[in-house]
Amino acid sequence: MPAVTAKEEMNVAVTDLKPRARKASAGYTDFEHTGPGTLAGKFMRSAWQPIQRSQDLPAGRAKPLRIMSENFTLFRGESGVAQVLAQRCPHRGTQLSAGWVEGDTLRCLYHGWRYDATGQCVEQPSEDAAFAAKVRIASYPTREHLGLIFAYFGEGEPPAFPHIPAFVGEGRVEASVEYFPCNFFQCWENSFDEYHVHFTHRTGGMHPRYPQMPHMTYTETEYGILRRSETADGKVRLSPFLMPNVLRTIVPSPNAMQGHGPSVRDSYLMKVPVDDHNHVFFISQHVRIRPGEEAVYEEKHLRYLELRAKARPPHELGLEILAGCLTLTDVVEHPYLAVIEDVVAQGGQGTIADRSQERLGRSDTGIIAMRKIWSREMRAIAEGKPTKQWQPLLKMPE
Ligand code: FES
Ligand SMILES: [Fe+2]
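The end of the sequence shown is residue 398 by our numbering, with every number in the run present.
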């Protein structure tokens with residue numbers, strides 16, 4: 001492949017990367033705050049967001065849910081349908097997640113008011129019969145796909161679902177979730193950052209190091225951004241980024257699984273704010289297992305899960321490394337070393353990265369392209385103008 005100049009590298013369809021062009025949207029760069037009423041929060045709420053792994057919510061269970069600095073109640077009715085309701089009972093305000101699931105309804109533990117999946121109050125044991133019909137709490141559209149529960153917190157009708165296609169071919173879907181003690185946006189930016197792999201993950205973990213960095217271009221599409229990576233030997237990899245916060249890409253298997261099952265996994269990666277200082281990283285992966293190897297894989301997988309259950313959470317170890325109490329070499333045997341490494345690098349930018357001081361270069365082309373789209377959309381929201389109607393990813397680009 002011929003050498004690529006810096007100018008050519010930056011000649012991406014999605015954006016003009018000259019500093020003056022970036023200033024055009026300079027007033028719309030608060031990507032980090034996603035609470036109610038914020039521009040970034042409105043953009044995030046315009047899409048389905050993952051909120052929980054399906055396997056973590058058995059039928060008959062209710063839980064508190066915090067997402068984008070708001071609190072809700074998540075429960076799964078006895079028929080198996082997951083539902084999101086308001087956090088509090090409107091009677092005297094206690095937390096509904098502590099209540100009882102009865103059929104597909106949720107009963108408040110304080111005085112027994114009961115709500116159906118639409119939020120309608122259907123029973124008040126100590127009140128006049130006509131009162132319940134007048135009480136209704138907020139409920140939010142909820143769906144399940146690829147091992148994850150998704151909900152829609154925006155205005156009006158939700159966009160088409162599923163917004164991401166199922167994996168094709170034999171294999172199984174494995175979902176996982178990791179907690180990160182920092183703002184979601186700097187980790188979403190990391191999704192566009194192939195270059196960090198050489199250094200952040202040099203201690204070990206799951207990522208192989210490339211002999212040479214691929215040449216990457218970014219093109220805006222009807223669903224978001226298509227990244228095209230081409231290595232010196234001509235191998236091309238296409239990775240779609242769905243706006244606002246979903247990446248589909250191939251990633252290596254967790255380090256403790258290497259040698260047991262496939263070495264890489266087709267994956268959806270999604271970063272979702274808990275609040276402005278914390279987020280969760282949802283991963284749904286297609287694990288291709290060769291016919292006849294299912295039982296062996298299952299045994300290794302269960303052993304891996306046991307290792308994970310015994311190991312300390314990656315975010316705790318990452319924070320101890322940042323505090324100087326440990327080094328990455330001390331945790332090199334951790335079954336998910338790569339997540340610790342990412343917590344150190346991305347948490348090390350500060351709880352909320354200060355972008356006013358950064359010095360971007362050609363390796364940040366993808367990040368700049370993505371920020372420009374976010375800024376454009378946030379500006380449209382602020383000015384009450386139509387935003388781009390993002391389309392679902394119907395199939396993987398070829
Ligand atoms: S607070 Fe829920 S029924 Fe009284
Ligand atoms: Fe990483």
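Glycine included, C-beta positions come from ideal geometry on N, C-alpha and C.
Neighbour-count burial assignment, Gly35, 16 or more Cβ in a 10 Å radius: exposed
Ala175 and Arg53 - do their beta-carbons sit closer together than 7 angstroms? yes
Less than 7 angstroms between the C-beta atoms of Glu189 and Val339, yes or no? no
By the 10 Å Cβ neighbour count, where 16 or more other Cβ atoms means buried, how is Ala47 classified, buried or exposed? buried
Residues in its own chain within less than 6 angstroms of Pro244 by CB, not counting five upstream and five downstream? Phe43, Met44 and Ala47
Could you name the residues, in chain order, whose CB is less than 5 angstroms away from a heavy atom belonging to ligand 1? This criterion selects Cys89, His91, Arg92, Thr94, Cys108, Tyr110, His111 and Trp113.
Since Thr365 is in the alpha helix (DSSP H), which residue starts that stretch and which ends it? Thr365 to Ala382
Let me know the secondary structure DSSP gives Lys271 once reduced to three states. Lys271 falls in the strand class under three-state DSSP.
Leaving aside the five residues before and after Glu320 along the sequence, list all residues of the same chain whose C-beta is less than 6 angstroms from its C-beta, in chain order. The residues are Leu326.
Would Gly171 be called buried (16 or more neighbouring beta carbons within 10 Å of its own) or exposed? buried
Compute the Euclidean distance between the alpha carbons of Asp342 and Trp113, then round it to the nearest angstrom. 45 angstroms
Relative to the alpha-carbon of Glu144, which residue among Gln124, Lys134, Ala166 and Glu123 has its alpha-carbon at the smallest distance? Ala166
Just to check, is the beta-carbon of Asp275 closer than 6 angstroms to a non-hydrogen atom of ligand 2? no
So does Gly342 have its beta carbon nearer than 6 angstroms to some heavy atom of ligand 2? What sits at residue 342 in the sequence shown is Asp, not Gly. Asp342 Cβ: within cutoff of ligand 2.
Quick one: which unbroken alpha helix (DSSP H) runs of 4-plus residues sit fully inside the region 44 to 100? Chain order, please. For the region 44 to 100, not a single whole alpha helix (DSSP H) run of length 4 or above is found.
Closest by C-alpha distance to Arg246, when choosing among Gln391, Ile352, Asp354 and Glu78: It should be pointed out that residue 246 corresponds to Val in this sequence rather than to Arg. The option with the nearest alpha carbon to Val246 is Gln391.
With distances taken from CA atoms, which of Gly80, Glu220, Ala86 and Ala62 is nearest Trp374? Glu220
Are there any heavy atoms of ligand 2 lying less than 6 angstroms away from the beta-carbon of Thr200, as far as the coordinates show? Yes, Cβ of Thr200 sits closer than 6 angstroms to a heavy atom of ligand 2.
Where does Met213 fall in DSSP's three states? coil
Can you list, in chain order, the residues of its chain whose CB lies under 7 angstroms from that of Ala24, leaving out five sequence neighbours each side? Summary for Ala24: the model assigns pLDDT 39, below 50, so the residue's position carries little reliability; its value from the coordinates is reported in the next sentence. Contacts found: none.
To the nearest whole angstrom, what separates the beta carbons of Asp104 and Val81, a pair I think is in contact under 8 angstroms? 6 angstroms
Which residue or residues does DSSP assign as beta-bridge partners of Ala151? Gln49 and Thr142
Reduced DSSP category for Gly224 - H, G, I as helix; E, B as strand; rest coil: Strand at Gly224.
Does Ala21 pass the burial test, meaning 16 or more other C-beta atoms within 10 Å, or should it be called exposed? Because the pLDDT at Ala21 is just 38, under 50, the model does not fix this residue reliably, and the value given afterwards should be weighed accordingly. Exposed, since its Cβ has fewer than 16 Cβ neighbours within 10 Å.
Cys121, DSSP secondary structure in three states: strand
Nearest to Asp275 by CA position, among Tyr28, Ala40, Thr29 and Gly27, is which residue? Ala40
Nearest to Asn183 by alpha carbon, out of Ala98, Ile352 and Ala138? Ranked by Cα distance from Asn183, the options Ala98, Ile352 and Ala138 are led by Ile352.
Just to check my reading of the structure: Gly180 and Asn255 have Cβ atoms closer than 8 angstroms, yes? What is that Cβ distance to the nearest angstrom? In the sequence as presented, Gly is not what sits at residue 180; that position holds Phe. The Cβ separation is near 18 angstroms, so there is no contact.
Should Leu247 be flagged as near chain C, meaning a C-beta pair shorter than 7 angstroms? No chain C is present in this structure, which holds just one protein chain.
Residues bridged to Thr219 by DSSP? Leu226
If you run the structure through DSSP and keep just helix, strand and coil, what is Tyr115? strand
In three-state DSSP terms, what is Ala166? coil
What is the rounded straight-line gap between the Cα of Leu302 and the Cα of Ala309? 10 angstroms
Considering Gln285, what are the terminal residues of the beta strand (DSSP E) in which it resides? Asn278 to Val287
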